[in-house]
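This report concerns only the one structure given below.
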Amino acid sequence: AQKITQTQPGMFVQEKEAVTLDCTYDTSDQSYGLFWYKQPSSGEMIFLIYQGSYDEQNATEGRYSLNFQKARKSANLVISASQLGDSAMYFCAMREAIHEDFGNEKLTFGTGTRLTIIP
Amino acid sequence: NAGVTQTPKFRILKIGQSMTLQCTQDMNHNYMYWYRQDPGMGLKLIYYSVGAGITDKGEVPNGYNVSRSTTEDFPLRLELAAPSQTSVYFCASTPSGSLYEQYFGPGTRLTVT
Chain A
1 AQKITQTQPG
11 MFVQEKEAVT
21 LDCTYDTSDQ
31 SYGLFWYKQP
41 SSGEMIFLIY
51 QGSYDEQNAT
61 EGRYSLNFQK
71 ARKSANLVIS
81 ASQLGDSAMY
91 FCAMREAIHE
101 DFGNEKLTFG
111 TGTRLTIIP
Chain B
1 NAGVTQTPKF
11 RILKIGQSMT
21 LQCTQDMNHN
31 YMYWYRQDPG
41 MGLKLIYYSV
51 GAGITDKGEV
61 PNGYNVSRST
71 TEDFPLRLEL
81 AAPSQTSVYF
91 CASTPSGSLY
101 EQYFGPGTRL
111 TVT
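The listed protein sequences derive, respectively, from chains A and B.
Counted from 1, the first sequence has number 16 at position 16 by the numbering used here; the numbering is strictly sequential.
Counted from 1, the second sequence has number 67 at position 67 by the numbering used here; the numbering is strictly sequential.
Given below as structure tokens:
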């Protein structure tokens with residue numbers, strides 16, 4: 001079963017509008033973390049925002065906010081006032097243990113959403 | 001501040017050739033990772049290391065080998081390259097095994113023909 005599901009392969013949004021990128025996750029752990037990364041056409045992975053499972057408030061970083069709904073297991077990224085430079089692939093990821101017996105963790109990624117901002 | 005660096009940026013290999021992808025970090029991070037990203041997909045973990053001399057397999061280790069002789073360096077070796085290994089390879093590091101942010105290198109785009 002997929003651990004991270006991003007159901008929107010692509011989105012087109014008018015410049016200056018807000019956009020929500022969907023992410024649902026599956027885990028039985030009580031302690032976990034959710035990340036959003038941006039990957040522009042140049043290819044690098046840029047960390048945007050992090051939400052811990054015990055964080056009571058939704059994470060915010062500038063124009064980025066994470067709409068965390070724990071009961072629904074969703075962690076949607078909201079970008080306010082979109083800009084042309086926001087055009088990129090966006091990946092949702094969850095940290096999870098590599099092995100049950102150790103604290104080592106890895107990131108499990110969704111398949112991504114390609115966001116295109118239209119002038 | 002260099003962070004995580006990877007070389008080469010691009011490489012074309014013929015089937016059956018071998019090569020080493022280099023990864024170096026200057027943040028004194030203990031934990032280092034190799035991921036691959038296939039076209040249109042997210043990243044998948046190949047190998048990881050929790051410190052010098054200690055490595056372990058991730059989800060997709062077949063066809064790869066790693067070593068970690070120093071804290072800074074974590075090279076990934078491809079033996080007998082196959083077309084299925086055409087991908088973008090990312091190296092990443094983090095201070096400890098509990099992830100709050102993973103620092104990624106710029107990636108190496110590998111094509112096997």
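All C-beta atoms in this analysis are idealised placements derived from N, C-alpha and C, irrespective of residue type, glycine included.
Computed from a prediction, not measured in an experiment: that's the story for all the values here.
Counting only beta-carbon separations shorter than 9 angstroms, does A:A93 have a partner in chain B? Numbered from its first residue, the first sequence carries residue 93 of chain A at position 93. So yes, A:A93 belongs to the interface.
I need the boundaries of the beta strand (DSSP E) containing A:Q51, first residue and last residue. Mapped onto the first sequence, residue 51 of chain A falls at position 51. For A:Q51, the uninterrupted beta strand (DSSP E) run begins and ends at I46 to G52, by DSSP.
Closer than 8 angstroms between beta carbons: that is the criterion. Which residues of the segment 78-92 of chain A meet it against chain B? Within the segment 78-92 of chain A, the residues whose Cβ lies closer than 8 angstroms to some Cβ of chain B are F91, listed in chain order.
Just checking: is the beta-carbon of A:K106 within a distance shorter than 9 angstroms of some beta-carbon in chain B? Stepping through the first sequence from its first residue, residue 106 of chain A is reached at position 106. Judged by the 9 angstroms Cβ criterion, A:K106 is in contact with chain B.
Cβ neighbour criterion (16 or more within 10 Å) applied to A:Y54: Taking the first residue of the first sequence as 1, we reach residue 54 of chain A at position 54. Exposed: under 16 other Cβ atoms inside 10 Å.
Could you name the residues of chain A that B:V60 contacts, counting a contact when the two beta carbons are closer than 7 angstroms? Numbered from 1 along the second sequence, position 60 holds the residue referred to as residue 60 of chain B. Within chain A, not a single residue places a beta-carbon under 7 angstroms from that of B:V60; the smallest gap is close to 12 angstroms.
To the nearest angstrom, how far is the alpha carbon of A:S28 from that of B:K14? Indexing the first sequence from 1 puts residue 28 of chain A at position 28. Indexing the second sequence from 1 puts residue 14 of chain B at position 14. Taking the straight line joining both Cα atoms gives about 43 angstroms.
Chain-ordered chain A contacts of B:Q102 [CB-CB under 7 angstroms]: Stepping through the second sequence from its first residue, residue 102 of chain B is reached at position 102. Those within 7 angstroms of B:Q102 in chain A are L107.
Let me check understanding here. Comparing Cα to Cα, which of B:C91, B:P95, B:K57 and B:L110 lies closest to B:V4? Along the second sequence, one-based indexing puts residue 4 of chain B at 4. Residue B:C91 is the option with its Cα nearest to B:V4.
Any beta carbon from chain B within less than 9 angstroms of A:G112's own beta carbon? Here residue 112 of chain A is taken as the residue at index 112 of the first sequence, counted from 1. Yes, A:G112 lies at the interface with chain B (some Cβ there is under 9 angstroms from its Cβ).
Along chain B, which residues have their Cβ under 9 angstroms away from the Cβ of A:F47? As a position in the first sequence, residue 47 of chain A is number 47, starting the count at 1. Within chain B, the residues whose beta carbon sits less than 9 angstroms from that of A:F47 are E101, Q102, Y103 and F104, listed in sequence order.
Would A:S98 pass as an interface residue toward chain B - the criterion being a Cβ-Cβ separation below 9 angstroms? Sequence index remark: in the first sequence, residue 98 of chain A carries index 98 (1-based). At residue 98 of chain A the sequence reads Ile, which differs from the Ser that was named. Answer yes: the Cβ-Cβ gap between A:I98 and chain B drops below 9 angstroms somewhere.
In the DSSP assignment, find the beta strand (DSSP E) that holds A:K106 and state where it starts and stops. As a position in the first sequence, residue 106 of chain A is number 106, starting the count at 1. E105 to F109 is the extent of the beta strand (DSSP E) around A:K106.
In whole angstroms, give me the CA-to-CA distance for B:G16 and B:A82. On the second sequence, residue 16 of chain B is found 16 positions in, with the first residue counted as 1. On the second sequence, residue 82 of chain B is found 82 positions in, with the first residue counted as 1. Distance from the CA atom of B:G16 to the CA atom of B:A82, rounded to whole angstroms, is 7 angstroms.
Can you have a look at A:F12 and say buried or exposed, based on whether 16 or more other CB atoms are within 10 angstroms of its CB? Translated into positions along the first sequence, residue 12 of chain A becomes position 12. That one is exposed.
Counting contacts by CB-CB distance shorter than 9 angstroms, is B:D56 in contact with chain A? Counting from one through the second sequence, the residue named residue 56 of chain B turns up at place 56. At a cut-off of 9 angstroms, the C-beta of B:D56 has a neighbouring C-beta in chain A.
For B:L99, which three-state DSSP category applies? Residue numbering aside, residue 99 of chain B sits at position 99 when the second sequence is read from its first letter. For B:L99, the three-state secondary structure derived from DSSP is coil.
With DSSP collapsed to three states, give me the class of A:G85. One-based indexing of the first sequence puts residue 85 of chain A at position 85. Helix.
Which residues of the segment 31-47 of chain B have a Cβ closer than 9 angstroms to any Cβ of chain A? Give them in chain order. Cβ contacts with chain A: Y31, Y33, Y35, Q37, G40, M41, G42, L43, K44 and L45.
Element boundaries [beta strand (DSSP E), containing A:S28]: Here residue 28 of chain A corresponds to residue number 28 of the first sequence, with the count starting at 1. Following the DSSP letters along the chain, one finds A:S28 in no beta strand (DSSP E), marked with neither H nor E.
Amino acids of chain B, ordered along the chain, whose beta-carbon sits closer than 8 angstroms to that of A:Y54: One-based indexing of the first sequence puts residue 54 of chain A at position 54. Counting only Cβ-Cβ distances below 8 angstroms, A:Y54 has no contacts in chain B at all, with the closest Cβ about 13 angstroms away.
Mind checking B:N62: buried by the 16 CB within 10 Å criterion, or exposed? Translated into the one-based positions of the second sequence, residue 62 of chain B becomes position 62. Answer is exposed; the Cβ neighbour count stays below 16.
Member of A:I118, A:C92 and A:F68 whose CA lies at the smallest distance from the CA of A:Q8: Counting from one through the first sequence, the residue named residue 8 of chain A turns up at place 8. Minimum Cα distance to A:Q8 is reached at A:C92.
Taking the alpha carbon of B:Y89 as the point to measure from, which residue in B:M19, B:L78 and B:Y35 has its own alpha carbon closest? One-based indexing of the second sequence puts residue 89 of chain B at position 89. Looking at B:M19, B:L78 and B:Y35, the one whose alpha-carbon comes closest to that of B:Y89 is B:Y35.
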